[in-house]
Every structure is written in structure tokens, then in C-alpha cells.
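Worksheet for the structure shown next.
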Amino acid sequence: MASAKLIEKAKRDFTSYLRRGNLRATEQRYEVLEAILGMEGHFGAEDLFVKMKSEGKKVSRATVYNTLELLFELGVVSRHKVGNVFIYERALGRSHHDHLICVNCGTIIEFTSEEIERIQDEICKKYKFKPIRHTHQIFGLCAKCAEKEK
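Once you know that position 45 of the sequence shown is 45 in UniProt numbering, the rest is easy, because the numbers rise by one and skip nothing.
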């Protein structure tokens, strides 16, 4: 869960972002933001919608999906394509990491590697490329699924 200070900063940034885009700052959009900042780990848009409905929030599926897109553009959440769906996670206030994704059961393992980061930096330098952000995903079988295939 995000700290109170981080939540307030996210709300201010979101308000500014909505104003710049001439978008309405609705109560439902802020409820989606707060729900995301309260979540840990990876989640789908439908998971978020169901969670909010179970908590009695009056939010539409379209609002959840549209607000997730806005928050992705703002950098509050990161998004990863797994199969034919997007999986989200809170990015604000979290350190950079990469993912191992099991193609069988969907398990997502987060990892960091200074060596991979160094190699990426070297490649960007070699090609005079200025990176803004990146995601690194390795698809395969988790230990449990690999064991089952033996």
C-alpha cells in the first residue's frame, strides 16, 4: 500500500494531468486511483473492477478501463501484455524491476539485475539512444510447471 504522502502526490499529479487534457476530475476516477494505490502486486482491469464493486464503489467497468489508461500514461501504473490481456501494477513509489512470466499458470516473478541494466545502458550508449523507460519480460515455465512437465 502506498503511503499517505504518496497518495496525496498522486492525487495532485492526476488532477493536473486531467486539467491539461481538459478531462473531468470525477469522484469515480479518484476512487480508481485510490484503489490502485492500495493494491499490491499485479492485477487485471477486471480484477480491479470486481474488487471495487465488492467494496460498494459505484464505478463502471468503462471508467475502470479508461482511468487505468490515463494512469498508465501518467506513470502511476505500469502495464504488461501477458497473452491477450494487460496486467497492471502500481509503478508510483516502487523501484524498477523486471519479470519472469509463466506461460502455463500465469505466475509473475519480479527480479532485478544490475548486470542486465548495465548491458541495456551499454547498448543504448552504443547506438546513441536515449532511453525513457523499458520493460524486460522473460516468458517460460515456473519451477512448479516445469516440474509437472517432467
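All C-beta atoms, glycine included, are put in the ideal place defined by N, C-alpha and C.
Backbone secondary structure at residue i - three-state DSSP
| i | result |
| --- | --- |
| residue 78 | strand |
| residue 61 | helix |
| residue 129 | coil |
| residue 149 | coil |
| residue 73 | helix |
| residue 89 | strand |
Opening and closing residue of the alpha helix (DSSP H) in which residue i lies
| i | result |
| --- | --- |
| residue 33 | 27 to 37 |
| residue 6 | 4 to 20 |
| residue 118 | 114 to 126 |
| residue 110 | First-last for residue 110: 108 to 111, but that is the beta strand (DSSP E), not the alpha helix (DSSP H). |
| residue 54 | 45 to 54 |
Outcome for residue i when other beta-carbon atoms lying within 10 angstroms are tallied against a minimum of 16
| i | result |
| --- | --- |
| residue 134 | exposed |
| residue 129 | exposed |
| residue 78 | buried |
| residue 76 | buried |
| residue 116 | exposed |
| residue 23 | exposed |
| residue 10 | buried |
| residue 101 | buried |
Sequence-distant residues of its chain with Cβ nearer than 8 Å to residue i (five each side left out)
| i | result |
| --- | --- |
| residue 67 | 28, 29, 32 and 33 |
8 Å Cβ cutoff met for residue i and residue j
| i | j | result |
| --- | --- | --- |
| residue 36 | residue 90 | yes |
| residue 139 | residue 88 | no |
| residue 110 | residue 96 | no |
| residue 141 | residue 84 | no |
| residue 92 | residue 18 | no |
| residue 45 | residue 86 | yes |
| residue 13 | residue 70 | no |
Element boundaries [beta strand (DSSP E), containing residue i]
| i | result |
| --- | --- |
| residue 100 | 98 to 102 |
| residue 140 | 137 to 140 |
Cutoff 6 Å; reference residue i; Cβ partners in own chain excluding five residues on either side
| i | result |
| --- | --- |
| residue 132 | none |
Spatial neighbours of residue i in its chain, beta-carbon cut-off 7 Å, leaving aside the 5 residues before and after
| i | result |
| --- | --- |
| residue 151 | Missing from the structure shown is residue 151; the chain here goes from 1 to 150 and no further. |
| residue 65 | 45 |
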